[in-house]
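Only one structure is covered here, and it is reproduced in the block below.
Chains as they are written, first to last, in the UniProt record's numbering: chain U, 1 to 376; chain V, 1 to 311; chain G, 1 to 341.
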């Protein structure tokens with residue numbers, strides 16, 4: 001009873017606001033609304049409204065990311081000055097430094113940026129979709145599927161495909177299973193999530209079983225895939241992720257308006273002209289593909305998908321879904337986390353998945369303990 | 001600090017290049033194809049317990065090594081050996097699970113010895129730092145360590161020293177086999193690791209079980225393991241009588257063997273085994289017995305066997 | 001339906017009694033099977049031979065020293081997990097609340113890893129440490145459950161639990177990176193099993209089981225009142241906050257005891273109340289009664305299967321329950337609508 005009353009109320013109210021909004025836009029076609037910049041290309045008749053705060057946040061995050069990258073390339077077993085880093089990047093300096101920067105640190109830095117960005121982008125998409133800031137691809141079992149398949153490849157169950165390819169296959173399998181199991185249960189996102197948790201639990205149990213049945217040496221070889229690591233990752237998987245990330249980011253930005261509307265109730269969103277079902281499917285697919293590609297590189301580093309968007313949301317205004325900011329923040333978190341893992345306990349490296357968990361853990365608890373303030 | 005390291009690196013690379021250029025480079029056949037190694041490697045990094053063991057046996061002290069499984073340092077029998085011979089302890093360059101490639105690079109090695117399980121991505125990077133020798137993966141067999149040690153000996157240009165170490169093991173085994181036959185201490189044995197739910201039977205293809213066989217104890221349990229690897233699943237307590245032989249070697253997870261034995265003895269199913277009643281259960285260090293590899297490890301295992309069978 | 005029709009409550013009670021009879025018979029049957037069948041060579045014939053006076057020492061030992069304690073422990077674990085699940089679901093008014101899903105088991109597993117890393121051996125300190133861990137896990141769950149809005153959103157609680165479990169899992173992984181001995185031991189503990197558990201373990205947790213049981217008996221009535229809503233409960237003279245704390249305390253005791261003995265056993269706390277509610281209807285008191293036979297029934301059945309499928313070894317029980325329980329979880333959410341408890 002209560003629900004229907006609410007819905008009918010919003011049905012009455014919202015068209016009115018939306019027409020008001022349109023009038024406002026046509027009346028102020030020249031001047032940008034407060035808090036926005038208007039970037040126009042008059043010759044082509046195109047103009048875009050840029051939210052000032054969003055622009056500032058994105059520039060700030062990019063700068064922070066650049067700084068983190070320089071730090072990442074400088075610090076390690078041998079500390080280099082930023083000048084030496086730049087010199088070795090453009091092919092000057094001695095061969096040892098060049099090797100360390102170009103062959104060891106740079107590929108790893110790229111992998112960190114790409115995976116962090118992809119996880120966070122996938123996270124912000126799924127959180128918006130589920131209207132829940134805890135709903136990340138890792139929590140709904142995609143990571144577990146990838147881990148189970150990669151571990152199976154290492155412990156020698158099934159075919160001899162390399163772990164990254166198997167991780168990709170596992171993530172896809174988990175997502176397809178979840179889709180299949182949640183299909184026909186209506187458009188409510190939470191069924192998808194719970195089905196995903198169930199699928200994830202099964203894959204998790206299978207992983208545990210496999211690890212318990214093999215020798216400790218083999219379990220060790222599988223270890224990076226159970227926690228997530230960026231140590232010596234395959235270049236082909238990173239390239240694939242790079243392409244996927246670029247396409248995914250473009251697609252996500254194209255979906256930005258619909259995403260903003262998906263945060264509201266279904267009735268509201270469709271009232272504002274979004275075909276909710278189709279959009280939801282697109283967003284979900286995008287999120288799953290990004291996660292699968294990233295997991296194939298780094299293994300399950302799930303908490304980045306939680307931390308990145310959270311940072312972006314706390315910096316941005318609540319008006320839009322901070323897609324770009326979340327992507328940048330994800331890359332930043334990943335780079336810093338891997339830097340910490342590489343340097344803090346040298347010569348022993350801590351896998352990046354563990355660092356993000358240790359840092360993200362208190363953050364997560366804080367989100368849980370805090371009364372729900374606003375929706376993502 | 002930074003400059004000296006870099007300078008040393010530059011110098012090392014130059015000298016390495018000179019050596020390769022002037023002296024005759026030797027070519028080894030490894031799992032990743034033919035690898036050229038320098039004539040007299042000076043700075044060796046070992047990324048595998050068997051390689052560390054073989055290098056020490058050949059008289060080369062590595063400058064870098066990975067920790068053993070189970071601790072933050074190399075295996076105990078190795079530290080004992082190093083301290084006894086007053087050799088310098090190698091720098092740690094990571095754990096088996098995560099090799100710190102930068103730390104390897106910082107050691108400026110001219111030879112890297114790695115395990116057969118080294119992933120290809122890591123090999124690609126390591127082989128650019130120094131020639132990296134990776135043995136062929138072989139099906140688990142008790143004498144794998146000999147072939148691996150010979151390969152590592154070749155890489156170090158110390159074939160004779162390795163042959164000597166291996167034949168020393170052979171001679172000791174033969175002597176012990178005679179003594180064991182004379183002492184009539186029994187015929188068969190099992191090597192198990194104790195879990196709260198029951199025992200895991202270790203493969204007869206480990207170096208330790210191979211040595212037990214060679215000194216005259218028939219090691220059982222292969223049918224429980226099948227083709228899968230180094231140990232069985234946790235055996236049901238109901239089937240504990242299947243590991244009731246003349247001797248039971250109980251591999252522990254830590255160095256406190258007595259504690260492991262006590263914990264096993266809390267189980268009534270364990271206590272009623274004949275081998276327990278006859279007090280022929282021997283707690284042994286699992287680090288050494290189930291994961292170490294190489295001539296020195298063989299000697300250390302033989303020490304344990306001698307203490308148990310020929311007190 | 002039946003409950004709403006006035007005249008039919010007698011019929012309902014009758015059929016309810018039938019159900020209870022059927023379940024108890026099934027439980028006795030499964031317990032007997034549990035004594036008869038195992039991974040070893042001693043089969044039903046040898047065991048039955050014992051009854052007719054045969055003197056088969058091996059069979060006597062295996063039945064009395066291994067299978068009988070294991071059956072008893074299975075019953076205790078089943079009761080504990082089933083009742084804990086029903087309580088947690090009633091308190092959080094959430095049909096998806098399950099101790100394993102909500103991170104209580106993860107808390108226990110984390111505590112055990114910590115103890116192992118600090119040097120305890122798996123055999124000695126397991127019981128108290130796991131109970132403490134479960135308690136902490138429960139407190140975390142409670143802090144989440146107390147938040148506004150959680151009660152009306154079943155999924156939020158489950159998500160929180162999943163995130164919490166993931167966090168604890170990573171922290172355990174961090175510790176195990178440094179300590180391979182513990183890593184080696186813990187990977188056998190986290191799969192959950194009844195193999196090799198001794199009666200001493202059961203005696204060690206019995207006090208907490210009894211305290212929890214007494215608690216459940218005492219506040220079953222207020223708990224039922226709580227399901228009418230907070231105001232109704234207060235109106236009937238109960239204190240909702242206090243009841244909730246007590247119930248969660250009982251859940252911690254029960255799950256801690258079960259996890260301490262058997263390791264994390266997933267989904268039993270979800271499946272048992274689910275089946276019990278299907279039989280008993282929405283009344284929490286009736287549901288709790290039905291959990292008593294259903295919990296052991298499910299745990300023992302799973303345990304018997306785990307013994308025979310890979311003989312002479314055994315499959316870990318926790319894996320088996322996860323494989324069977326996840327479909328139930330999905331079935332619950334696929335149901336037309338989530339029943340609001």
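By construction, the Cβ of each residue, glycine as well, lies at the ideal position given by its N, Cα and C atoms.
Name the chain G residues whose beta carbon is nearer than 8 Å to that of residue i?
i                      : result
residue 191 of chain U : 333 and 334
residue 272 of chain V : 61
residue 208 of chain U : 187, 190, 191, 316, 318 and 319
From the options, pick the residue whose C-alpha is nearest to that of residue i; which is it?
i                      : options                       : result
residue 236 of chain V : G:195, G:23, G:333 and G:70   : G:195
residue 321 of chain U : U:156, U:82, U:308 and U:112  : U:308
residue 107 of chain V : U:95, U:236, U:77 and U:352   : U:77
residue 139 of chain U : U:333, U:87, U:358 and U:197  : U:197
residue 109 of chain G : G:303, G:282, G:312 and G:257 : G:257
residue 144 of chain V : V:239, V:43, V:220 and V:209  : V:209
residue 221 of chain G : G:236, G:65, G:17 and G:317   : G:236
residue 121 of chain V : U:41, U:107, U:300 and U:82   : U:107
residue 153 of chain V : V:295, V:301, V:303 and V:63  : V:295
residue 300 of chain G : G:44, G:69 and G:19           : G:69
residue 175 of chain U : U:337, U:287 and U:366        : U:287
residue 342 of chain U : V:94, V:53 and V:260          : V:94
residue 348 of chain U : V:30, V:67, V:264 and V:304   : V:67
residue 30 of chain G  : G:310, G:307, G:296 and G:333 : G:296
Contact defined as beta carbons within less than 8 Å: I believe residue i pairs with residue j. What is the distance between those atoms, to the nearest angstrom?
i                      : j                      : result
residue 276 of chain U : residue 72 of chain U  : In fact, because the Cβ distance is near 41 Å, the residues do not count as touching under 8 Å.
residue 227 of chain U : residue 170 of chain G : 7 Å
residue 267 of chain G : residue 192 of chain G : About 11 Å; that fails the 8 Å criterion.
residue 329 of chain U : residue 115 of chain U : With a Cβ gap of about 14 Å, residue 329 of chain U and residue 115 of chain U do not count as contacting.
residue 232 of chain U : residue 154 of chain U : That belief does not hold up - the Cβ atoms of residue 232 of chain U and residue 154 of chain U are roughly 15 Å apart, past 8 Å.
residue 314 of chain G : residue 269 of chain V : No, residue 314 of chain G and residue 269 of chain V are not in contact; Cβ-Cβ is about 13 Å, not under 8 Å.
residue 50 of chain U  : residue 39 of chain U  : 6 Å
residue 356 of chain U : residue 304 of chain U : 5 Å
residue 261 of chain V : residue 281 of chain V : 6 Å
I want to verify the contact list: residues of chain V whose CB lies under 8 Å from the CB of residue i, in sequence order.
i                      : result
residue 114 of chain U : Simply none; closest approach about 16 Å.
residue 227 of chain G : Here the premise fails: no neighbours, minimum Cβ distance about 40 Å.
residue 108 of chain G : Those within 8 Å of residue 108 of chain G in chain V number zero; the least Cβ separation is about 15 Å.
residue 76 of chain G  : In chain order: nothing, as chain V lies at least about 17 Å away.
residue 103 of chain U : 125 and 128
Under 9 Å Cβ-Cβ, which residues of chain G neighbour residue i?
i                      : result
residue 354 of chain U : 170, 171, 173, 174 and 177
Under 9 Å between beta-carbons, which chain V residues line up against residue i? List them in chain order, please.
i                      : result
residue 198 of chain G : 266, 267 and 268
Residues of chain V with a CB under 7 Å from the CB of residue i: which are they?
i                      : result
residue 66 of chain G  : 237, 238 and 269
residue 316 of chain U : Within 7 Å Cβ-Cβ: nothing; residue 316 of chain U doesn't reach chain V, min ~36 Å.
Which chain U residues sit within Cβ distance under 8 Å of residue i?
i                      : result
residue 216 of chain G : Near residue 216 of chain G there are no residues of chain U at all, since even the closest Cβ is about 27 Å away, more than 8 Å.
Which residues in chain U sit within 7 Å of residue i, going by Cβ to Cβ distance?
i                      : result
residue 159 of chain G : 132, 134, 135, 139 and 193
For the region 152-169 of chain V, enumerate the residues whose C-beta is nearer than 9 Å to any C-beta of chain G, in chain order. none
At 4 residues or longer, and completely inside the region 285-355 of chain U: list those alpha helix (DSSP H) runs for me, N to C. 304-315 and 323-343
Going along the chain, which unbroken runs of the alpha helix (DSSP H) with 4 or more residues stay wholly within the region 114-179 of chain V? 120-129 and 144-156
For the region 56-89 of chain U, which residues have a beta carbon sitting closer than 7 Å to at least one beta carbon of chain V? 76, 77, 78 and 79
Write down every uninterrupted run of the alpha helix (DSSP H) in the region 47-98 of chain U whose length is 4 residues or greater and which is fully enclosed by it, in chain order. 52-74 and 82-89
Identify every run of the alpha helix (DSSP H) within the region 276-318 of chain G, keeping only runs that are complete inside it and at least 4 residues long; order them along the chain. 284-308
When you check each C-beta in the region 310-328 of chain G against every C-beta of chain U, which residues fall closer than 8 Å? 315, 316, 318, 319, 322, 323, 325, 326 and 327
Which residues, in chain order, does the region 92-103 of chain V contribute to contact with chain U at a C-beta distance below 7 Å? 92, 93, 94, 95, 96, 97, 98, 100, 101, 102 and 103
In chain order, what residues of the region 33-67 of chain V put their CB closer than 7 Å to some CB of chain U? none
Anything in the region 234-247 of chain V with a Cβ closer than 8 Å to a Cβ of chain G? List those residues in chain order, please. 234, 235, 236, 237, 238, 239, 241 and 242
Given a limit of 8 Å on CB to CB distance, which residues of the region 37-55 of chain G reach chain V? 38, 39, 40, 41 and 42
In chain order, which alpha helix (DSSP H) runs of at least 4 residues are fully inside the region 271-304 of chain V? 274-277
Output the residue ranges of the alpha helix (DSSP H) runs that lie fully inside the region 61-94 of chain G and measure 4 residues or longer, sorted by chain position. 68-92
Please identify, using Cβ separations under 9 Å, the residues of the region 253-266 of chain G that lie next to chain V, in order along the chain. none
Using a Cβ-Cβ cut-off of less than 7 Å, list which residues of the region 124-135 of chain U approach chain G; keep chain order. 132, 134 and 135
Ordered list of alpha helix (DSSP H) runs contained in the region 221-274 of chain G, each at least 4 residues: 230-235 and 240-262
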